[in-house]
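Engineer: Starting off with a structure, shown below.
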Amino acid sequence: AQKVTQAQTEISVVEKEDVTLDCVYETRDTTYYLFWYKQPPSGELVFLIRRNSFDEQNEISGRYSWNFQKSTSSFNFTITASQVVDSAVYFCALSGGAQKLVFGQGTRLTINP
Amino acid sequence: GAVVSQHPSWVICKSGTSVKIECRSLDFQATTMFWYRQFPKQSLMLMATSNEGSKATYEQGVEKDKFLINHASLTLSTLTVTSAHPEDSSFYICSARGQQGARRETQYFGPGTRLLVL
Numbered sequence: 770a771q772k773v774t775q776a777q778t779e780i781s782v783v784e785k786e787d788v789t790l791d792c793v794y795e796t797r798d799t800t801y802y803l804f805w806y807k808q809p810p811s812g813e814l815v816f817l818i819r820r821n822s823f824d825e826q827n828e829i830s831g832r833y834s835w836n837f838q839k840s841t842s843s844f845n846f847t848i849t850a851s852q853v854v855d856s857a858v859y860f861c862a863l864s865g866g867a868q869k870l871v872f873g874q875g876t877r878l879t880i881n882p
Numbered sequence: 021g022a023v024v025s026q027h028p029s030w031v032i033c034k035s036g037t038s039v040k041i042e043c044r045s046l047d048f049q050a051t052t053m054f055w056y057r058q059f060p061k062q063s064l065m066l067m068a069t070s071n072e073g074s075k076a077t078y079e080q081g082v083e084k085d086k087f088l089i090n091h092a093s094l095t096l097s098t099l100t101v102t103s104a105h106p107e108d109s110s111f112y113i114c115s116a117r118g119q120q121g122a123r124r125e126t127q128y129f130g131p132g133t134r135l136l137v138l
């Protein structure tokens with residue numbers, strides 16, 4: 770069975786602080802994809818990144834960076850110099866052979882001015 | 021690119037009526053569309069997977085006669101909540117997956133529909 774765990778239910782930081790959202794996954798598939806989505810208060814899920822299981826290179830996109838480590842089955846997401854607009858619920862998700870998305874429970878991130 | 025729309029964004033209806041929600045992929049053809057339900061402060065729950073031209077596949081516990089799904093074209097899927105009751109009130113979100121390349125592996129989500137059944 771596939772499972773995604775986001776142990777941090779809520780995180781609150783002050784603007785400009787760096788923050789890391791943790792994601793740990795379980796799967797028996799050898800080929801799989803990992804995702805991060807952002808859900809602002811409006812409700813829409815915004816796609817942030819997709820990573821396949823054969824590509825462990827870390828990725829940076831502006832203030833966002835992702836650390837994929839197969840050895841620990843983790844796909845963590847870091848926001849550098851956080852801003853109020855980063856406040857949202859962030860979901861980590863996994864897609865394997867069945868190609869269905871399995872979501873974590875989400876982490877509610879609040880950036881305080 | 022990869023824009024998915026949903027209509028309506030909000031709907032309030034009386035108990036016993038049926039409500040249709042549309043999901044459209046605007047700039048790509050979607051082989052597969054998915055319907056999710058989300059309760060407040062919870063994660064997304066997959067309801068069904070719909071493939072163009074074939075019957076939807078429902079997740080365990082989801083009533084297929086209650087939630088009718090039609091995927092008539094590569095850009096449109098509809099979810100009809102039949103004989104809606106207050107317990108059907110929720111946030112419904114669709115997603116679409118493309119046919120080729122990166123879009124084949126990624127689900128792009130619509131803005132969601134908030135349903136309130138009185």
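Taken in order, these protein sequences are the chains called A and B. Using the working numbering, the first residue of the first sequence is number 770, and each one after it goes up by one. Using the working numbering, the first residue of the second sequence is number 21, and each one after it goes up by one. Glycine residues also receive a C-beta, built at the ideal position from the N, C-alpha and C atoms.
Please list, in chain order, all residues of the same chain as residue 71/B whose beta carbon is under 7 Å from its beta carbon, the five residues on each side excluded.
Structural biologist: The residues are 51, 52, 91.
Engineer: Just the chain B side, please: which residues come within less than 9 Å of residue 826/A by C-beta, in chain order?
Structural biologist: Residues of chain B passing the Cβ test: none, with the nearest at roughly 16 Å.
Engineer: Can you tell me whether residue 125/B is helix, strand or coil according to DSSP?
Structural biologist: Reduced to three states, the DSSP call for residue 125/B is helix.
Engineer: Pairs of beta-carbons, one from the segment 791 to 810 of chain A and one from the segment 861 to 877 of chain A, closer than 8 Å: are there three or more?
Structural biologist: Segments in contact, yes.
Engineer: Is it the case that the Cβ atoms of residue 137/B and residue 33/B are separated by a distance below 8 Å?
Structural biologist: Result yes, Cβ atoms of residue 137/B and residue 33/B sit closer than 8 Å.
Engineer: Which of the three DSSP states is assigned to residue 31/B in this structure?
Structural biologist: Of the three classes helix, strand and coil, the one that applies to residue 31/B here is strand, per DSSP.
Engineer: What are the residues that DSSP puts in a beta bridge with residue 776/A?
Structural biologist: Partner(s): none; residue 776/A has no beta bridge.
Engineer: If you measure beta-carbon to beta-carbon, which residues of the segment 125 to 138 of chain B are closer than 8 Å to chain A?
Structural biologist: Going along the segment 125 to 138 of chain B in chain order, one finds 125, 126, 127, 128, 129, 130, 131, 132, 134 with a Cβ nearer than 8 Å to chain A.
Engineer: When you compare the segment 814 to 834 of chain A with the segment 842 to 858 of chain A, are there three or more beta-carbon pairs, one atom per stretch, that lie closer than 8 Å?
Structural biologist: Yes, they touch.
Engineer: Is residue 853/A buried or exposed, if buried means 16 or more other CB atoms sit within 10 Å of its CB?
Structural biologist: With fewer than 16 Cβ atoms within 10 Å of its Cβ, residue 853/A is classed as exposed.
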